[in-house]
Amino acid sequence: MHGVITHFLCDRNQLSREEIRQATGYGLEDVAAVMRALATIAEGVDISFRTRPMLSDVADEMVLEAALNGQAEAIVTHNVKDFRPALGLGMTVITPGEIVRRLNT
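Residue numbers (my numbering): 41 to 145.
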């Protein structure tokens, strides 16, 4: 499945937070391993068209445009409701839990 990885450094910082690591049971080495794996598969995307304004959050707009321009199969986010307008463009929007379930089947 092709996806869009955005806000890479922000994700690393979030995953490294003590309360997140305690909740997941992962250590800093685990976080580093996940980030290395993501960096290995990440691809840059040239933005050749824009869809703005469609969503209520500018950061979400950038994610949507990267996903559409990169021909991603899905946007994986906990923020599914804010991406509902993207469904009209044929974009699949799913939660991290759902992607894990799909990948494990």
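Yeah, the Cβ is synthetic: ideal placement off N, Cα and C, and Gly gets one too. In this text the structure is predicted, and so the values were computed from the model without any measurement.
Secondary-structure assignment with DSSP links V133 through a beta bridge to I115.
Going by DSSP, A107 is part of the alpha helix (DSSP H) stretching over V98 to N109. The C-beta separation of A107 from I134 comes to about 12 Å, leaving the pair out of contact by the 8 Å criterion.
A direct Cα-to-Cα measurement between L143 and S88 gives close to 30 Å.
A Cβ-Cβ distance of about 7 Å is found for the pair L95 and F123, placing them in contact under the 8 Å criterion. Taking C-alpha positions only, M75 is separated from G128 by approximately 31 Å.
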